[in-house]
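J.:
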Amino acid sequence: MSLGTFPRLHLIGPLDAVSLSEYVDIAVAVSARTPLAIHLRTPGIGAREMLTAARALRQRLSKGSILIVNDRVDVALLAKADGVQLGEASFTVNDARALSSNMLVGRSVHDEAGACGAGADGADFVLAGHIFATPSKPDTPGRGIAWLSGIVSVTPIPVVALGGITVERIAETLTTGAWGVALGRELLHAASPATDAERANQQIEKTVKETTHVAAH
Amino acid sequence: MIPDLVPALRRYLVTDGRAETVDRLVATCEAAIAGGVTAIQLRAKGWTDRQLYDAGARLRSLTRSNDILLIVNDRVDITLAIDADGVHLGVDDLPVDAAHRLLGRAKVIGYSPERDEDSHAAELAGASYLGVGPVYGTSTKHDAGEAIGLAGLQRVVARSALPVIGIGGVTVSRAREVVGTGAVGVAVVSDIFLASDPEAAARKLTEAIP
């Protein structure tokens, strides 16, 4: 996958925000309106159920959207996912790559050293967060926009910003040079996730266009 | 080269996340191998993937140089990454046929059935052996269900074309009665893994069921 087609909007779930089957339905509804990357992150759920959900997503996501499975390379391979997302306590990028040579490999990072290492290890992109306060991490304040700029400055690979990002904060987030944004609860708890995702994507496109325009001058 | 399966299933040690560190887990396995266990299943609930991978990679070289079967619980990806001999799956894990597709014919797939029909389906899907239990009440697995007893184990052994090992609350002193059902071996967890002297505990097991 070329960088040009790598989605700038990512959805992460179900976390513990919605049930797994609700998440599949939400992701399908969102992808029908807006191409995006759907991450399957299911802490505490057995691999059989995870595979069923991943296969349902693979089958039902609209063209232009991609599927990224968290941690389980075996589930990703069996579901023919487009990528795997690894944390700091997961497989290394190399180990994952050895099992899934044509999949995207994303790394979640929490500091500049991690972002630097992910690029050096050959990850295709990083998820960096959390940027703003989020109910997912009630005990830690957001790391902020300046922190995100630091992450972007140390790695050449796309940085997808995560954590507490609402549609209103997208412009500010992308001014750092971040490639895109990942939304979780912000979308999953919305009255209409598909509508909000569409708004988010419009905001992303508008900001990217403006930034590119400024850069051209 | 995978050790011949049936004899390798004779004295099957399952590791435990309570070992806390990779070093301790590997050292305990090393001691148990010296005492005569024939297979090791890497299982450590609550551990990170990275810890499992690190432990697995070290167990791989240890088991290979001692001709011991190495099986990974639940994770087909870790099985592939460390080139273990196989994977052990339960009803909530990846389906046997899916694991089979990723692992190919050369790897072993163990399966823990919960009902009679599970055993048969697993056999058709390509399982190589069954882990059946809990034979006795167990503190290791809280979700293991009611003990099936020796009679329950014997019933599964009689019906299954696959080799069966008894698991769940199996101690060194109970091993002989477990293989008396026709099971090819026993899976022991706490009684060796959490023993103060795992090598001595494994040696007693070897004496009980040579």
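The listed protein sequences derive, respectively, from chains D and F.
Taking the numbering used here, I'd label the letters of the first sequence as residues -16 to 200.
Taking the numbering used here, I'd label the letters of the second sequence as residues 650 to 859.
Just so it is clear, CB atoms sit at the ideal spot from N, CA and C, and this is done for glycine as well.
(1) Report the residues of the stretch 17 to 31 of chain D with a CB closer than 9 Å to any CB of chain F, ordered along the chain.
(2) Could you tell me the boundaries of the alpha helix (DSSP H) in which F/His749 lies?
(3) Say whether chain F places a C-beta atom closer than 8 Å to the C-beta of D/Leu3.
(4) Counting only beta-carbon atoms, is F/Asp698 nearer than 8 Å to chain D?
(5) Please compile the residues from chain F whose C-beta is within a distance smaller than 9 Å of the C-beta of D/Arg41.
(6) Anything in chain F within Cβ reach of D/Arg55, meaning under 7 Å, just list it in chain order.
(7) Quick one: is D/Pro(-10) buried, meaning 16 or more other Cβ sit within 10 Å of its Cβ, or exposed?
(8) Excluding five sequence neighbours on each side, which residues of the same chain lie with their C-beta closer than 8 Å to the C-beta of F/Leu752?
(9) Can you name the residues that DSSP bridges to F/Gly759?
(10) Under 7 Å, CB to CB, which of the residues in the stretch 735 to 747 of chain F have a partner in chain D?
(11) Hey, could you find the ends of the beta strand (DSSP E) F/Ala810 is sitting in?
(12) I think D/Gly160 touches D/Val143, with their Cβ atoms under 8 Å apart; what is that distance to the nearest whole Å?
(13) Below 8 Å between beta carbons: does that hold for F/Gly818 and F/Gly794?
(14) Tell me the start and end of each unbroken alpha helix (DSSP H) in the stretch 25 to 112 of chain D that is at least 4 residues and wholly inside, in chain order.
(15) In this structure, how does DSSP classify F/Ala851 when only helix, strand and coil are distinguished?
(16) Can you tell me whether D/Asn85 is buried or exposed, with buried defined as 16 or more other CB within 10 angstroms of its CB?
(17) For chain F, is any of its Cβ atoms less than 8 Å away from the one on D/Asp65?
(18) Counting Cβ pairs, one atom from each stretch, are 3 or more of them under 8 Å apart for the stretch 654 to 663 of chain F and the stretch 833 to 842 of chain F?
(19) Is there a Cβ from chain D that is less than 8 Å from the Cβ of F/Asp868?
(20) What's the call for F/Lys853, buried or exposed, on a 16-neighbour Cβ count within 10 Å?
(21) Cβ of F/Ala849 less than 8 Å from any chain D Cβ?
(22) From D/Gly70 to D/Asp54, what distance separates their C-alpha atoms?
(23) For chain F, is any of its Cβ atoms less than 8 Å away from the one on D/Arg(-9)?
(24) At a cut of 8 Å, does the stretch 177 to 189 of chain D reach the stretch 20 to 35 of chain D through at least three beta carbon pairs?
(25) Per the contact definition of three or more C-beta pairs closer than 8 Å, is the stretch 795 to 813 of chain F in contact with the stretch 821 to 838 of chain F?
(26) For D/Asp272 and chain F, any beta-carbon pair shorter than 8 Å?
(27) In chain order, what residues of the same chain have a beta carbon less than 7 Å from the beta carbon of F/Asp732, not counting five sequence neighbours either side?
(28) Please check the pair F/Asn722 and F/Gln690, which I expect to be a contact at CB under 8 Å, by giving their CB distance rounded to whole angstroms.
(29) Assuming contact is defined by CB atoms lying nearer than 8 Å, are D/Ala0 and D/Gly167 in contact in what I supplied?
(30) In terms of DSSP beta bridges, what is D/Pro139 paired with?
(31) If contact means a Cβ-Cβ distance below 7 Å, which residues of the stretch 752 to 775 of chain F contact chain D?
(32) May I ask you to list the residues that DSSP assigns as paired with F/Gly834?
(33) Taking Cβ to Cβ, would you say F/Ala774 is nearer than 8 Å to F/Asp742?
(34) Name the residue from F/Leu711, F/Val806, F/Thr820, F/Arg673 whose alpha carbon lies nearest to the alpha carbon of F/Ala832.
(35) What residue does the beta strand (DSSP E) around F/Val721 start on, and which one ends it?
T.: Checking against the coordinates, here is how it stands:
(1) Against chain F - using a Cβ distance shorter than 9 Å - the residues of the stretch 17 to 31 of chain D are Ile28, Gly29, Ala30, Arg31.
(2) For the purposes of this step, residue 749 of chain F is identified with residue 100 of the second sequence, where counting begins at 1. Start and end: 745 to 752.
(3) As a working mapping, residue 3 of chain D is identified with position 20 in the first sequence. No, because no Cβ of chain F sits closer than 8 Å to the Cβ of D/Leu3.
(4) For the purposes of this step, residue 698 of chain F is identified with residue 49 of the second sequence, where counting begins at 1. Contact with chain D is found for F/Asp698, since one of that chain's Cβ atoms lies less than 8 Å from the residue's Cβ.
(5) The residue labelled residue 41 of chain D in the question sits at position 58 within the first sequence. For D/Arg41, there are no C-beta contacts with chain F under 9 Å, since the nearest C-beta of that chain is about 14 Å from it.
(6) Looking up residue 55 of chain D in the first sequence gives position 72. Going along chain F in sequence order, the residues near D/Arg55 (Cβ under 7 Å) are Asp726.
(7) By 1-based counting over the first sequence, the position of residue -10 of chain D is 7. Burial call: buried.
(8) In the second sequence, the residue the question calls residue 752 of chain F occupies position 103. For F/Leu752, where only same-chain residues beyond five positions count, the Cβ hits under 8 Å are Val725, Thr728, Leu729, Gly735, Val736, Ile758.
(9) On the second sequence, position 110 is the one that residue 759 of chain F refers to. Partner(s): F/His737, F/Tyr778.
(10) Cβ contacts with chain D come from Asp741, Asp742, Leu743, Pro744, Ala747.
(11) As a first step, residue 810 of chain F is located in the second sequence; it is residue number 161 there, counting from the start. DSSP places F/Ala810 outside any beta strand (DSSP E), giving it a letter other than H or E.
(12) To locate residue 160 of chain D, count along the first sequence from 1; it is residue 177. To locate residue 143 of chain D, count along the first sequence from 1; it is residue 160. About 12 Å; that fails the 8 Å criterion.
(13) Your numbering for residue 818 of chain F matches position 169 in the second sequence. Your numbering for residue 794 of chain F matches position 145 in the second sequence. Their beta carbons are not under 8 Å apart, which means F/Gly818 does not touch F/Gly794 by this criterion.
(14) Listed in chain order, they are 30 to 43, 56 to 61, 76 to 82, 95 to 104.
(15) Here residue 851 of chain F corresponds to residue number 202 of the second sequence, with the count starting at 1. Per DSSP, reduced to three states, the secondary structure at F/Ala851 is helical.
(16) Taking the first residue of the first sequence as position 1, residue 85 of chain D is located at position 102. Classification of D/Asn85: exposed, given that the 10 Å Cβ count is below 16.
(17) Position 82 of the first sequence, counting from 1, holds the residue named residue 65 of chain D. No Cβ of chain F is located within less than 8 Å of the beta carbon of D/Asp65.
(18) Contact holds: three or more Cβ-Cβ distances are below 8 Å.
(19) Nothing in the structure corresponds to residue 868 of chain F, since chain F is present only between 650 and 859.
(20) To locate residue 853 of chain F, count along the second sequence from 1; it is residue 204. Answer is buried; the Cβ neighbour count reaches 16.
(21) Position 200 of the second sequence holds residue 849 of chain F. Look at F/Ala849: its C-beta is not under 8 Å from any C-beta on chain D.
(22) Reading the first sequence from its first residue, position 87 is the one you call residue 70 of chain D. Reading the first sequence from its first residue, position 71 is the one you call residue 54 of chain D. Those two C-alpha atoms are separated by around 7 Å.
(23) For this step, residue -9 of chain D is matched to residue 8 along the first sequence. No, its Cβ sits nowhere closer than 8 Å to a Cβ of chain F.
(24) With a cut-off of 8 Å on Cβ pairs, the stretch 177 to 189 of chain D is not in contact with the stretch 20 to 35 of chain D, counting fewer than three such pairs.
(25) As far as the Cβ criterion goes, the stretch 821 to 838 of chain F touches the stretch 795 to 813 of chain F, which means the pair count is three or higher.
(26) Residue 272 of chain D lies beyond the residue range present for chain D, which begins at -16 and ends at 200; the question has no answer from this structure.
(27) Indexing the second sequence from 1 puts residue 732 of chain F at position 83. Here the set comprises Arg709.
(28) Here residue 722 of chain F is taken as the residue at index 73 of the second sequence, counted from 1. Here residue 690 of chain F is taken as the residue at index 41 of the second sequence, counted from 1. The C-beta separation of F/Asn722 from F/Gln690 comes to about 6 Å, placing the pair in contact by the 8 Å criterion.
(29) What you label residue 0 of chain D is simply residue 17 of the first sequence in a count that begins at 1. What you label residue 167 of chain D is simply residue 184 of the first sequence in a count that begins at 1. In contact: D/Ala0 and D/Gly167 (Cβ atoms closer than 8 Å).
(30) Position 156 of the first sequence, counting from 1, holds the residue named residue 139 of chain D. Bridge partners of D/Pro139: none, in fact.
(31) The residues in question: there are none.
(32) Position 185 of the second sequence, counted from the first residue, corresponds to residue 834 of chain F. As DSSP reads the structure, F/Gly834 sits in a beta bridge with F/Ile814.
(33) Sequence index remark: in the second sequence, residue 774 of chain F carries index 125 (1-based). Sequence index remark: in the second sequence, residue 742 of chain F carries index 93 (1-based). F/Asp742 sits away from F/Ala774, with the two beta carbons spaced by 8 Å or more.
(34) Within the second sequence, the letter at position 183 stands for residue 832 of chain F. Among F/Leu711, F/Val806, F/Thr820, F/Arg673, the Cα nearest to that of F/Ala832 is on F/Val806.
(35) As a first step, residue 721 of chain F is located in the second sequence; it is residue number 72 there, counting from the start. Counted as a single uninterrupted DSSP element, the beta strand (DSSP E) harbouring F/Val721 occupies residues 718 to 722.
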